[in-house]
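Numbering (UniProt numbering), first residue to last: 1 to 209.
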Ligand code: PRP
Ligand code: URA
């Protein structure tokens with residue numbers, strides 16, 4: 001069964017308040033999403049396995065650690081997931097980046113896939129699927145389907161804000177995928193927007209309407 005983690009770190013919660021605020025403009029919104037993504041990457045990598053190494057310092061030999069285990073892959077769901085990539089890459093610069101392009105049909109709210117490009121060594125990587133919003137969950141479920149269809153074995157999902165409906169559907173469809181959030185909100189409205197949420201993440205990031 002998927003585990004759900006809501007990061008309660010004060011810096012994440014503080015910045016999320018400004019991200020939610022409707023008076024925050026595009027430039028500041030983009031910067032804040034980038035910063036929070038980096039802080040979430042710091043938390044999400046807490047359980048990465050380490051291996052023992054020795055290193056020569058200018059003064060002697062130190063017993064030290066390096067990250068071991070699978071290499072990481074980030075998969076932003078286009079468009080809005082793009083806003084979180086650079087913040088995560090600052091923490092995990094060696095990660096490869098795949099892309100899954102999906103948009104939510106405004107009438108049916110069902111995801112429509114228009115682009116997929118993943119690193120070639122899909123089976124060997126641990127993937128983090130990234131999207132600021134987990135609303136009905138359709139986009140996340142479809143993006144994870146897309147990765148699994150191409151051979152991905154290990155996947156985590158990282159979102160800023162989720163609705164309970166989205167969390168439940170991901171848990172049902174992909175019980176092997178753990179979910180990492182900055183906030184779990186109250187509900188969806190009749191248009192499939194997260195309440196209170198932060199509005200349309202893609203539009204706020206890219207200044208569109
Ligand atoms: C938004 C958001 C998610 C999706 C979440 O994307 O970035 O991908 O909606 O909704 P869901 O959980 O109900 O599927 P949108 O479809 O607006 O596309 P965009 O990022 O290109 O604006
Ligand atoms: N997509 C968004 O960008 N915001 C929502 O609240 C729901 C879906």
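All C-beta atoms in this analysis are idealised placements derived from N, C-alpha and C, irrespective of residue type, glycine included.
All values reported here derive from a predicted model rather than from experimental measurement.
- Query: the ligand PRP heavy atoms versus the CB of residue 132: any closer than 7 Å?
  - Reply: Taking the first residue of the chain shown as 1, we reach residue 132 at position 132. Checking the Cβ of residue 132 against the ligand PRP gives yes.
- Query: How about residue 146 and residue 85: are their beta carbons less than 8 Å apart?
  - Reply: Position 146 of the chain shown, counted from the first residue, corresponds to residue 146. Position 85 of the chain shown, counted from the first residue, corresponds to residue 85. Contact: no.
- Task: For the alpha helix (DSSP H) containing residue 14, list its first residue and its last residue.
- Result: Taking the first residue of the chain shown as 1, we reach residue 14 at position 14. Per DSSP, residue 14 belongs to the alpha helix (DSSP H) from 10 to 20.
- Task: Report the rounded CA-to-CA distance for residue 198 versus residue 79, giving the unit in angstroms.
- Result: As a working mapping, residue 198 is identified with position 198 in the chain shown. As a working mapping, residue 79 is identified with position 79 in the chain shown. Roughly 16 Å between the two C-alpha positions.
- Query: For the region 188 to 207 against the region 17 to 36, are there 3 or more C-beta pairs whose distance is under 8 Å?
  - Reply: yes
- Just how far apart, CA to CA, sit residue 83 and residue 60? As a first step, residue 83 must be located in the chain shown, where it is residue number 83. As a first step, residue 60 must be located in the chain shown, where it is residue number 60. So the two alpha carbons sit approximately 43 Å from each other.
- Message: Helix, strand or coil for residue 23? Go by DSSP, reduced to three states.
- Response: Residue 23 sits at position 23 when you count from the first residue of the chain shown. Looking at residue 23 - three-state DSSP - the assignment turns out to be coil, as it is neither helix nor strand.
- Message: So the candidates are 209, 136 and 206; which of them puts its Cα closest to the Cα of residue 192?
- Response: The residue you call residue 192 lines up with position 192 of the chain shown. The candidate whose alpha carbon is nearest that of residue 192 is 136.
- Item | Strand pairing of residue 176, partner residues [DSSP] | Taking the chain shown and counting its residues from 1, one reaches residue 176 at position 176. According to DSSP, residue 176 bridges with nothing at all.
- Item | Distance cut-off 7 Å: residue 185 Cβ against heavy atoms of the ligand PRP | Residue 185 sits at position 185 when you count from the first residue of the chain shown. False, no ligand heavy atom lies under 7 Å from that Cβ.
- Query: Hey, would you say the C-beta of residue 103 is under 7 Å away from at least one heavy atom of the ligand PRP?
  - Reply: The residue you call residue 103 lines up with position 103 of the chain shown. Residue 103: yes, Cβ under 7 Å from the ligand PRP.
- Query: Does the ligand PRP have even one heavy atom less than 7 Å from the beta-carbon of residue 77?
  - Reply: By one-based count along the chain shown, residue 77 stands at place 77. Checking the Cβ of residue 77 against the ligand PRP gives yes.
- Task: Determine the closest residue to residue 190 out of 165, 175, 184 and 169, with distance taken between C-alpha atoms.
- Result: Residue 190 sits at position 190 when you count from the first residue of the chain shown. Taking only the C-alpha atoms, the option nearest residue 190 is 165.
- Item | Residue environment, residue 93, which counts as buried when at least 16 other CB atoms sit within 10 Å | The residue given as residue 93 occupies position 93 in the chain shown. When all chains shown are included, residue 93 counts as exposed.
- Message: Can you tell me where the alpha helix (DSSP H) holding residue 139 begins and where it ends?
- Response: Within the chain shown, residue 139 is the residue found at index 139, counting from 1. 138 to 149 is the extent of the alpha helix (DSSP H) around residue 139.
- Message: Quick check on the DSSP output: the beta strand (DSSP E) that includes residue 66 runs from which residue to which?
- Response: As a working mapping, residue 66 is identified with position 66 in the chain shown. Note, residue 66: beta strand (DSSP E), 61 to 67.
- Query: What do you reckon, are the CB atoms on residue 167 and residue 155 nearer than 8 Å?
  - Reply: Along the chain shown, read from residue 1 onward, the residue named residue 167 stands at position 167. Along the chain shown, read from residue 1 onward, the residue named residue 155 stands at position 155. Going by C-beta atoms, residue 167 is not nearer than 8 Å to residue 155.
- Message: Alpha carbons only, please: which of 12, 9, 33 and 46 is nearest the one belonging to residue 206?
- Response: Your numbering for residue 206 matches position 206 in the chain shown. Of the candidates 12, 9, 33 and 46, the one whose C-alpha sits nearest the C-alpha of residue 206 is 33.
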